[in-house]
Structure formats: structure tokens, C-alpha cells
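Notes follow the structure.
Chains as they are written, first to last, in the working numbering: chain A, 1 to 109; chain B, 1001 to 1118.
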């Protein structure tokens, strides 16, 4: 059975800190790994990583995929209170994605 | 529409009643997905529609759950004889999935329907 595990489940830091969120996976047919940010209900797309694109960066956020060790990390530097959210990792596609349970990130001022 | 629209945003129903949840995807998106998110959990795949192909129903948890997609656009997820364990946020997503570009599938999610069975 395909499986995605995120850690930590919860993280509280101070504004300005750098955080690293982890995602490990076991899937039978890897197509891609995606990161989403969920603030209220609707997850919003952050990154997609595939065999041909194993590192992505957008502003203060960056992500790396290690296909050999079957994991990905999401880094956020100089965190702001607006970064507080649940961060979801998902693997698979396009027919369906298998999601991890998410990391709840809280940024305190 | 500009985004994926779901209705109702909240639904409280009594155990044993049937409910219908609606999803209106982004115009032109051929792929439509339903996911369920229980409290504190990740998203659980329910069903996938792609164009006129037979839907992938492999994630539906029981035969009380069914979904339709009419005219390749609006979709309805129906839960019959609701149980308390059905309480969750039901999220719909759509994407344009060009078959020759299988990596181009970032989903756009709707805001979900929060279902509470009492």
C-alpha cells in the first residue's frame, strides 16, 4: 500500500526562524511529489518535484527531492506569521495523489 | 468560473439521512477529483473523473458513497444513510491533464464542504 509520512506533525517557532519539514514515501509507481499549503480549507499548490526537477525554489520557500532515499524536504527561511498553516506532502498522480497527514506549522511573533 | 466552487460550505445532517455535495470545477478542466479530510488527517482519495472515461472509484470507502459527473462538468457526491464517521471536510479539485504531459497536474482545490453527522 502506498504511504506518505510527514514529520514533525506539529512545529512552533518564532518569526524569523528557518524551518525544515520532512516527507518520506513508499509508493509502487512514483510519478511526482507535490507540496501544498493549507490555511483554512482549500490547499494551495506550492511545488511539484519529479525525476526531471528535483529542486525548486520560490522566494523564501525551497524544496528538494531525494529519489534514492525516498524523501523530500520543504524549507522556509525567515519565517513570517503568514506562513502559519498545515503543509501537506503528496505523491503520485495524475489519477490520484496519496497525501501525508500534514505538518501544522505555527509562527509566533 | 474563476475557481473550483463547492456547495454547501457547511452541512449538518442527522445520522441515517442522505446528503448531496456539489462541485463546480474550473471551466475547461477535464479532470475532477474528490478527497476527504478527517479532523487532523491528510487528504484521502475518493474518486477521479477524466473526460468521458470510466471514473476511478477505488477510493470510495463503502457502497453508501457514489458520485456522478454530468456533462463533463458539475459533479455530485452522494452519501446515503450517513454515519458519524462520515463527518469530515469533503474537498473537490480539478485540473487540466493533457495526456501527453503527465507531469502538468497541479490541482486547484475548492474550499470544501464541512459535513457533520449528528
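Every residue, glycine too, gets a C-beta built ideally from N, C-alpha and C. Keep in mind it's a predicted model, so treat the numbers as computed, not measured.
- For residue 1043/B, the chain A residues whose Cβ falls inside 8 Å of its Cβ are 43, 88, 90, 97 and 99, in order along the chain.
- Residues of chain A whose Cβ lies closer than 9 Å to the Cβ of residue 1109/B are, in chain order, 36, 38, 41, 42, 43, 44 and 45.
- At least one CB of chain B lies nearer than 8 Å to the CB of residue 102/A.
- Fewer than three pairs of CB atoms, one per stretch, sit closer than 8 Å, so the region 1005–1017 of chain B makes no contact with the region 1048–1058 of chain B.
- Annotation for residue 60/A: 76, 77 and 78 place their beta carbon closer than 7 Å to its own, counting only its chain and skipping 5 residues before and after.
- Identification of chain A residues near residue 1056/B by a Cβ-Cβ cut-off of 9 Å yields 95 and 96, ordered along the chain.
- Annotated three-state conformation of residue 2/A is coil, per DSSP.
- The C-beta of residue 1089/B comes closer than 8 Å to at least one C-beta of chain A.
- Under the DSSP assignment, residue 1007/B falls in the beta strand (DSSP E) whose first and last residues are 1005–1007.
- Assignment of residue 1080/B by DSSP, reduced to helix, strand and coil, places it in the coil class.
- Interface with chain A (8 Å Cβ-Cβ cutoff): residue 1112/B is included.
- Put simply, of 95/A, 90/A and 28/A the residue whose alpha carbon is nearest the alpha carbon of residue 34/A is 90/A.
- A check of alpha carbon separations from residue 73/A across 22/A, 10/A and 3/A identifies 22/A as the nearest.
- Of all residues in the region 1052–1079 of chain B, only 1056, 1058 and 1059 come within less than 9 Å of chain A when Cβ atoms are compared, listed by chain position.
- For the set 1021/B, 1025/B, 1003/B and 1019/B, the Cα lying nearest the Cα of residue 1072/B is the one of 1025/B.
- A residue is called buried when at least 16 other Cβ atoms come within 10 angstroms of its Cβ; residue 57/A does not meet this threshold and is exposed.
- Residue 66/A sits exposed, since fewer than 16 C-beta atoms from the chains shown fall within 10 Å of its C-beta.
- Taking the CA atoms as reference points, residue 27/A sits about 9 Å from residue 98/A.
- Rounded to whole angstroms, the gap between the alpha carbons of residue 1004/B and residue 1110/B is 5 Å.
- Residue environment analysis places residue 1075/B among the buried positions, since at least 16 neighbouring C-beta atoms fall within 10 angstroms of its C-beta.
- The closest CA to that of residue 30/A, considering only 96/A, 101/A, 92/A and 108/A, is found on 92/A.
- Per the coordinates, the alpha-carbon of residue 1014/B lies some 27 Å from the alpha-carbon of residue 1070/B.
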